[in-house]
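Everything below concerns the one structure shown next.
Residue numbers (our numbering), protein chains in the order written: chain A, 17 to 527; chain B, -14 to 119.
Laid out in structure tokens, this is it:
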């Protein structure tokens, strides 16, 4: 019986857990932590349940809320693609949840003279749970308007989580809020145009109606598509619309960055792929409109811009945020290449990039937790002080460069193959260029990390804990080690993941 | 000229919505004061709500409740419903949700502006940027 209710449980558990945390967590901060981890573990189990259900039957799960059937009621659709993304989101949420045991009480209370607000930890975990509920609902929903509401639930929770950072975080979050609202509103407008033309909001129903010849050449539908895409691009920080991301993510508390950096942009990419192929169709996007020659070069510019900006950063966290912008370019470009290899590369990269972004952000978070500093200099001698954390950071770096046994290599392989098949040489060049820049960035960090801090030890002796080995606590190390292992596992089993999960989801019309 | 006027006036709801949308975007991007940006955001969201509500309107249509729905035509009621004489209720329902989302966003935005004011002592963007540089 519970088997058939799994799709709604995936969304309901984190939503109810948010309520439970804010009701019962007022007395004790540690209780909030356990409630959150419990909720995330249950969500992860439910997501795995739907994954195995999809894999064993080979068909997508359709769940009708309240029993109202498809075009009129709200539908949840879990197919190969969304079950994979659901597992990634809930897995990341569980790992960061465990990781947050020490970091949240350390960062979140944030007591200055005019900041004496008690009970920040329960509030933080409530927002955390709401964010995950929103992201999971975005992934599972089969309704275009429901997607807008889920998007705003996730966005509002993320504003709260990001604004809890250092003083400047408020202003950075304000800019993100304005941009995020513009993005979501554009999406809403696009859905409005679609509704006027088709009279439907259900994604499967929309696809059927949009396939009609009259709809294929309607200007309103073209405008709707353009508005939806622009809205999602603002949300995912695609190149010319990326301005809000670096400040918002850099100044946020480390736990928030660990959670939001791997998830928010990746879920937006998923949303774009879902709308491109499950609402509109590959034929409409690539043949009728044929904008790929505009979007793919823009993705290439995003990659080059992100990589070069990352190279110029002194603050490591800010550097990673620029790498995120470059990675968004990878996925948008891959999805818009218009062939199967590009699609596989983009979808596989959602999973791979989610895990490797999580890996480097967690490792950097642990270093900041211990040293209180996120500049390149903070890495000096890190291999001696925190050998495990440093090794994990290096592994994450290798994945970002794309060194073979890690997952980063395989997504790049498919993206490069796809770019070659589509004849998008500029995009192909940008991919290789970005790997090169990533190699420079991470080898520079590794080089700094291997040598001890001679100068600073001489200048001031009061940096205690910097010379002796001081590894991060177990609650942080454990999720980090699991994430690092997952990078290798996703890489080693890339063939199974691609054949079992991604190939069945390739939309018709892509060769 | 008459045709042009007709085209403009005939779609006055769309023009109103576009003008409001532009005012909202202008305020969000060009205004220096953070509160004015928030007001722009509210106008922008209201414009979209008006757009949805106005498209569901029909001339001579009424609320979608079937008066005396039972017993007149011996079961032929389902066929007798003339969709053109009822306003489409769905966009209104959608906008109820969108209004709630808009109010929540507005609340969060105002809270953040308040925090910005506490940290910098001002809500003028150029003054904040100057203080950040220091």
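Cβ coordinates follow ideal geometry from the N, Cα and C atoms, glycine included.
Using only alpha-carbon positions, find the residue among the options that is nearest to residue i.
| i | options | result |
| --- | --- | --- |
| residue 269 of chain A | A:523, A:333, A:54 and A:221 | A:333 |
| residue 331 of chain A | A:345, A:344, A:47 and A:377 | A:377 |
| residue 264 of chain A | A:239, A:179 and A:44 | A:179 |
| residue 41 of chain B | B:11, B:72 and B:-7 | B:72 |
| residue 73 of chain A | A:94, A:59 and A:60 | A:94 |
| residue 210 of chain A | A:36, A:231 and A:156 | A:231 |
| residue 320 of chain A | A:341, A:218 and A:302 | A:341 |
| residue 5 of chain B | B:-10, B:29 and B:13 | B:29 |
| residue 273 of chain A | A:29, A:182 and A:139 | A:182 |
| residue 63 of chain A | A:90, A:108 and A:52 | A:108 |
| residue 519 of chain A | A:508, A:356, A:497 and A:439 | A:356 |
| residue 12 of chain B | A:389, A:99, A:385 and A:198 | A:198 |
| residue 186 of chain A | B:23, B:97 and B:37 | B:97 |
| residue 9 of chain B | A:240, A:311 and A:201 | A:201 |
| residue 449 of chain A | A:282, A:346 and A:191 | A:346 |
| residue 138 of chain A | A:234, A:41 and A:163 | A:41 |
| residue 429 of chain A | A:451, A:411 and A:412 | A:451 |
| residue 497 of chain A | A:323, A:149 and A:115 | A:115 |
Which first and last residues belong to the alpha helix (DSSP H) in which residue i is found?
| i | result |
| --- | --- |
| residue 175 of chain A | 160 to 179 |
| residue 260 of chain A | Neither: residue 260 of chain A is in no alpha helix (DSSP H) and is coded neither H nor E. |
| residue 28 of chain A | 22 to 40 |
| residue 232 of chain A | 229 to 232 |
| residue 300 of chain A | Looking at the DSSP string, residue 300 of chain A is not in any alpha helix (DSSP H), and its letter there is neither H nor E. |
| residue 407 of chain A | 403 to 417 |
| residue 84 of chain A | Unbroken run through residue 84 of chain A: none, as it is neither H nor E. |
| residue 290 of chain A | 270 to 290 |
Give the secondary structure of residue i by DSSP, where H, G and I count as helix, E and B as strand, and everything else as coil.
| i | result |
| --- | --- |
| residue 157 of chain A | strand |
| residue 509 of chain A | coil |
| residue 17 of chain B | coil |
| residue 355 of chain A | coil |
| residue 44 of chain A | coil |
| residue 467 of chain A | coil |
| residue 254 of chain A | coil |
| residue 440 of chain A | coil |
| residue 129 of chain A | In this predicted model, residue 129 of chain A has a pLDDT of only 46, less than 50, meaning its place in the structure is not dependable enough to derive any value. |
| residue 429 of chain A | helix |
| residue 322 of chain A | helix |
| residue 61 of chain B | In this prediction, residue 61 of chain B has a pLDDT of 49, which is less than 50 and means its spatial position is unreliable; nothing more can be read from the coordinates. |
| residue 421 of chain A | coil |
| residue 525 of chain A | coil |
| residue 111 of chain A | helix |
| residue 489 of chain A | coil |
| residue 121 of chain B | With chain B covering only -14 through 119, there is no way to say anything about residue 121 of chain B. |
| residue 397 of chain A | coil |
| residue 445 of chain A | helix |
| residue 0 of chain B | helix |
In whole angstroms, give me the CA-to-CA distance for residue i and residue j.
| i | j | result |
| --- | --- | --- |
| residue -2 of chain B | residue 15 of chain B | 25 Å |
| residue 477 of chain A | residue 31 of chain B | Because the pLDDT at residue 477 of chain A is just 48, under 50, the model does not fix this residue reliably, and the value given afterwards should be weighed accordingly. Using only the alpha carbons, I get a separation of about 60 Å. |
| residue 463 of chain A | residue 343 of chain A | 24 Å |
| residue 145 of chain A | residue 83 of chain B | 22 Å |
| residue 27 of chain B | residue 45 of chain A | 36 Å |
| residue 415 of chain A | residue 65 of chain A | 28 Å |
| residue 193 of chain A | residue -13 of chain B | 44 Å |
| residue 92 of chain B | residue 222 of chain A | 34 Å |
| residue 113 of chain B | residue 390 of chain A | 24 Å |
| residue 105 of chain A | residue 119 of chain B | 40 Å |
| residue 503 of chain A | residue 368 of chain A | 7 Å |
| residue 17 of chain B | residue 195 of chain A | 15 Å |
| residue 276 of chain A | residue 373 of chain A | 10 Å |
| residue 106 of chain B | residue 98 of chain A | 46 Å |
| residue 510 of chain A | residue 422 of chain A | 10 Å |
| residue 36 of chain A | residue 122 of chain A | 23 Å |
| residue 313 of chain A | residue 205 of chain A | 26 Å |
| residue 51 of chain B | residue 67 of chain B | 10 Å |
| residue 292 of chain A | residue 37 of chain B | 23 Å |
| residue 394 of chain A | residue 166 of chain A | 39 Å |
Per DSSP, residue i forms a beta bridge with which residues?
| i | result |
| --- | --- |
| residue 79 of chain A | A:92 |
| residue 71 of chain B | B:47 |
| residue 391 of chain A | A:331 |
| residue 109 of chain B | B:18 |
| residue -12 of chain B | For residue -12 of chain B, which the question treats as bridged, DSSP gives no partner whatsoever. |
| residue 218 of chain A | A:159 |
Measuring only between beta-carbons, confirm whether residue i sits less than 8 Å from chain C.
| i | result |
| --- | --- |
| residue 7 of chain B | Considering every chain present, this structure includes no chain C. Its protein chains are A and B. |
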